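**Q** In the numbering used here, the protein residues as written are 1307 to 1363.
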Amino acid sequence: MGMWKTLSIIYNENGIIKGLYRGMSINYLRAIPMVAVSFSTYEVLKQALKLDTGMKI
1307 MGMWKTLSII
1317 YNENGIIKGL
1327 YRGMSINYLR
1337 AIPMVAVSFS
1347 TYEVLKQALK
1357 LDTGMKI
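(1) In whole angstroms, give me the CA-to-CA distance for E1319 and Y1348.
(2) Kindly indicate which three-state DSSP category R1336 falls into: helix, strand or coil?
(3) Less than 8 Å separating the beta-carbons of G1325 and Y1334?
(4) Give the straight-line distance between the Cα atoms of D1358 and M1309, rounded to the nearest whole angstrom.
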């Protein structure tokens, strides 16, 4: 079964919102804390290793 056939079956059975976007909210709930921790860790290590150039963006 091809991609277009699969998408048409999902669309016909569940619609666009329920079928094609199912599970995205739980992925966002998982990704937001992960990105926050990654960014915070990066910033702390950058300052600890004195790699901060002081340039403002």
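All C-beta atoms, glycine included, are put in the ideal place defined by N, C-alpha and C.
Note that the structure is predicted; figures quoted are calculated from it, not measured.
**A** According to the data block:
(1) So the two alpha carbons sit approximately 44 Å from each other.
(2) The answer is helix: DSSP assigns R1336 an H, G or I state.
(3) No, the Cβ-Cβ distance between G1325 and Y1334 is not below 8 Å.
(4) Looking at the two C-alpha atoms, the distance is approximately 46 Å.
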